[in-house]
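Quick note: the sequence shown, position 4, residue 4 per the working numbering, numbers continuous.
Note that the Cβ used here is the ideal one computed from N, Cα and C, for glycine as well.
Only a predicted model underlies this, so the values are computations on that prediction, with no experimental measurement involved.
Below is one structure, written out as C-alpha cells, with a few remarks after it.
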Amino acid sequence: MRIAEFSVKNYQFTLIIFALVLAMGLNSLINMPRGEDPETDQPSFSVVVVYPGTSPEDMEKLVVDPMEKRFNELDNIKRLTTSINDGLAVFRVDYKHESDKDEKYQEIIRETDALRKELPQDIYSITIQRFSSTDVNILQLALISETASYRELQDKVETLEERLEKIKSLKKIESFGFPEQEVKVALNLEKLAQNRIPVNAVLGALQSENVNIPGGRIQVNTRNFNIKTSGEYKDIEEIRNTIVYSANGKIVYLKDVAQVESGYENESHITRLNGHRAVLLTASQKEGQNIFKVDDAITPVLDEFEKELPATMKMVRNFEQAKSVEKRLTRFAKDFIIAILLVSITLLPLGTRAAIVVMISIPLSIFTGLFLLDSFGFTINQLSIVGLIVALGILVDDSIVVIENIERYLRAGKGKREASIEATKQIGLAVLGCTATLILAFLPLVFLPEAAGDFIRSLPMAVIFTVLASLFVSLTIVPFLASRILKTHVSSEGNIFLRALKKLIHGTYTRLLHWCLRHPWATLGFTFVLFIASLGLFKVVGFSLFPKSEKPQFLINIETPSSTSIYETDRIARYVEEELKKE
1 MRIAEFSVKN
11 YQFTLIIFAL
21 VLAMGLNSLI
31 NMPRGEDPET
41 DQPSFSVVVV
51 YPGTSPEDME
61 KLVVDPMEKR
71 FNELDNIKRL
81 TTSINDGLAV
91 FRVDYKHESD
101 KDEKYQEIIR
111 ETDALRKELP
121 QDIYSITIQR
131 FSSTDVNILQ
141 LALISETASY
151 RELQDKVETL
161 EERLEKIKSL
171 KKIESFGFPE
181 QEVKVALNLE
191 KLAQNRIPVN
201 AVLGALQSEN
211 VNIPGGRIQV
221 NTRNFNIKTS
231 GEYKDIEEIR
241 NTIVYSANGK
251 IVYLKDVAQV
261 ESGYENESHI
271 TRLNGHRAVL
281 LTASQKEGQN
291 IFKVDDAITP
301 VLDEFEKELP
311 ATMKMVRNFE
321 QAKSVEKRLT
331 RFAKDFIIAI
341 LLVSITLLPL
351 GTRAAIVVMI
361 SIPLSIFTGL
371 FLLDSFGFTI
381 NQLSIVGLIV
391 ALGILVDDSI
401 VVIENIERYL
411 RAGKGKREAS
421 IEATKQIGLA
431 VLGCTATLIL
441 AFLPLVFLPE
451 AAGDFIRSLP
461 MAVIFTVLAS
471 LFVSLTIVPF
481 LASRILKTHV
491 SSEGNIFLRA
501 LKKLIHGTYT
511 RLLHWCLRHP
521 WATLGFTFVL
531 FIASLGLFKV
541 VGFSLFPKSE
551 KPQFLINIET
561 PSSTSIYETD
571 RIARYVEEEL
581 KKE
C-alpha cells in the first residue's frame, strides 16, 4: 500500500499527523460532553391546560374532547395520552420517531393557538413543553430536620434554589416534600347574613383580584370552595382588605366577614430519608454540558449553603450523577492500563521494541476514536464507554499483524525501512478486510430504529470509529515507528520467547493439527456436536437488548386500600423501614 511507503519516506509529515492526532484526541477527551446516558432526540411534547375551579367532568367536555380531536387529526401521531384533574388537563403528544422535532413543535403551537377561540375564554393558561433526555436529574439532595417547621425548611430550600438557578449550565431545579402554602378563609355566616352578602359574592371578589391557579380555599361550615392563590396579592393583609361589598357608601372588607389565615394544606404526602423527616431538591443539566464541569460549579454552592444551616438541619447529598460517571471512566482507565500491560506481555516473543510500537498505537487509536465521536456529536456516556472497552480488545489486532510481519521481514535480513514498507504492503489488504468485517458486525446496531437506536447508537459508533482509527494507525504510524524503533535481528529464529513459542507450536499444536487432517469426519462431527450443545446455552444465558442496571438499589412499592389514611400508610412504611435497617 502506497500510504505505508508515504508515511515512512515522509516522516516529517507523519510526525505532524502523530502530534495532531494526540492533540485532537486530548482536546476531545477534555471537552466532550459527559453524562450517564446518551442524549436522545425524542419528538414528544406535553400540553398543560390550567382551568381553575373546573371539575374533571367539565374539563373533559369543554377542553379535553376538542383538543384531543384536533391533535388526532395531525400527521405522524404515534400516541396521545391525557390525564385530567380538578382544573388541570395534561396531554402527552408522541410523534413517530422520524418526525422533525422542531417542525412538530411549531405545529403543536400553531394548532393549539388556532383552537384557542373554541375553548372557554377564562382558561388561565396553556403551556407547551418539549420532552428531553436531559430532563433526568443529575443531583438530588435532602434537607433533614425533626424539629424545624415546614416554613423554615421551605425558606432554606428556596434560598438554595435561588443560588443554584444562577448556575447557567443547570436546566431545572425543583423541590419536593413539603405541603403547599395556602390561604384559609373561614366565612362568618352570621355576619354575611347581617350584611346581606352571598357566598358567591365573596368568591367573585377574590377571583376578580387574583388570577392564578387554585391554591387556597374558603370554608363555610363543612363545605370548602377552591380559590386562586395570590397572583396580585403580596401579603395576607392585602387579602384581608379585599372589598367584598360596596354600595351606598358602605364598604365591607373580607376581614369583616371572615377569618383569614396563612397556613399549609392538609398533609397529603410524607417524605423521609433514612427514617428522618426531609424535603428534597433536584436539579437537571442543560443539553451538551459536561457533567463534571456542572458538578464543579454546584459543589462550592452546596458547601457554602451547608455551612449556613442551623444545628437543627442537616443536608444530605443523596444522589450525584457525576460520581456514577466518574466511576465508569475510572473503570475504563483501569481497563486501558490492563490492555497495554497485556499487550506488552503478549508481544514478548516479538521483542520489547515491537511491544512499545504496539503499545503506542493503543492510545493513538483511542484518541482518534474519541475525536471522531466528538466530531459527529456523540458524548461520553455509559454506552460509549462500553464501546471503547469492547474496542480495546480488538483495536490492537491490526497493529500486531503489521508489526509481526515487519519483524518477520527483519529476521529474513531486510533493512528496517525496506521491511516496514514491504511487510505493510504485503498484508495491507488483509488488514483492511479484517477491519471491514469487524465494522460490518457492529453496523446493524447503528441502524436500529426509533428511541432504542438513538439510545444505543453511541456504543457501535465508538467501536467502529476506534477500529477505523486503529486501521489508520496500523498502516501509517506503525510502519513509521517500526522503521525508527525496531532493529535488525542477528538470529533468524528470534529471541528466547519466540523460540519457545515456536517449539510449542511445532510440538503439541502440530500433532493435534495432523490428527485433525487425518480424521476429517471425526473433527467435523465433534465441531457439529459442540455447536449444537452450545445452542442450549441461550436459555441459560438469556437475551436482553440492554443489560440490567448495575446500580446497587431497588424500589419497594407499598399499596394500601384507597380508604387508608395517610397516617396508617405511614405506620406501615415505618415498619418496612425498620425491617430494612436490620438487613
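Alpha carbons only, please: which of the options is nearest the one belonging to residue i?
i	options	result
V390	F336, S399, D570	F336
M461	N381, L348, W521	N381
G428	E450, K96, V478	V478
V47	R116, E5, K9, I16	R116
Q281	G288, E287, L273	Correcting the residue type first, residue 281 is Leu in the shown sequence and not Gln. For the residues G288, E287, L273, the minimum Cα distance to L281 belongs to L273.
L443	V467, Q42, I338	V467
C434	I406, W521, S470	S470
L22	P363, V541, I532	P363
I243	I251, T510, A89	I251
T330	V529, V386, S458	V386
F370	K293, M359, L392, P349	In the sequence as presented, Phe is not what sits at residue 370; that position holds Leu. Residue L392 is the option with its Cα nearest to L370.
Do you know offhand how far residue i's Cα is from residue j's?
i	j	result
T299	F378	26 Å
L170	D398	43 Å
V157	I144	11 Å
L141	D296	16 Å
G215	G204	For G215, the predicted structure reports a pLDDT of 45, less than 50, and the residue's modelled location is therefore unreliable. A value from the coordinates is still provided. Rounded to whole angstroms, G215 to G204 spans 16 Å at the Cα level.
V372	L26	Contrary to the premise, residue 372 reads as Leu rather than Val in this sequence. Approximately 12 Å, taken between the alpha carbons.
S7	L341	27 Å
K184	K255	12 Å
E162	N31	28 Å
E326	E306	24 Å
K416	T352	16 Å
A258	E57	31 Å
A500	F538	39 Å
Y253	A201	12 Å
D86	P66	18 Å
T569	A283	29 Å
D41	F376	15 Å
I128	E36	27 Å
S83	A186	32 Å
A430	K334	31 Å
L445	S99	21 Å
K323	E308	25 Å
K314	I167	23 Å
L20	K9	19 Å
R130	Y95	12 Å
L189	N241	18 Å
E583	E577	10 Å
T488	S28	38 Å
L432	Y11	23 Å
A89	M59	7 Å
Y509	F13	44 Å
T222	Q285	Annotation note: pLDDT 40 at T222 (below 50); position unreliable, no value reported.
If you follow the alpha helix (DSSP H) that residue i is in, where does it begin and where does it stop?
i	result
T569	566-582
A436	416-446
L535	520-535
R110	101-115
A454	The sequence shown places Asp at residue 454, not Ala. 450-456 is the span of the alpha helix (DSSP H), which, as asked, contains D454.
S563	Taken as a continuous stretch (DSSP letters only), S563 belongs to no alpha helix (DSSP H), as it is neither H nor E.
Using DSSP's beta-bridge definition, name the partner residues of residue i.
i	result
V90	V48, S83
N290	R34
F319	Q140
K314	I144
E253	It is worth fixing the name first, because residue 253 is Tyr in this sequence and not Glu. For Y253, which the question treats as bridged, DSSP gives the partners I243.
Y95	I77
F176	L280
T127	V48
R272	R277
I380	R34
L170	Q285
Does the distance from the C-beta atom of residue i to that of residue j stay below 8 Å?
i	j	result
Q607	F178	The structure shown has nothing for residue 607, since the chain only spans 1 to 583.
L486	I400	no
N126	V49	Here residue 126 is Ile; the residue named in the question, Asn, does not match the sequence. Yes, the pair counts as a contact, with Cβ atoms nearer than the cut-off.
V93	I77	yes
S458	L410	no
R34	E146	no
S365	L395	yes
V343	A354	no
H97	P38	no
I403	V358	yes
Is the beta carbon of residue i within less than 7 Å of some heavy atom of the ligand ADP?
i	result
R277	Because no ligand of any kind appears in the structure shown, any question about the ligand ADP cannot be addressed here.
How would you write the range of the beta strand (DSSP E) that residue i sits in, first residue to last?
i	result
Q121	It is not in any beta strand (DSSP E) - Q121 carries neither H nor E in the DSSP assignment.
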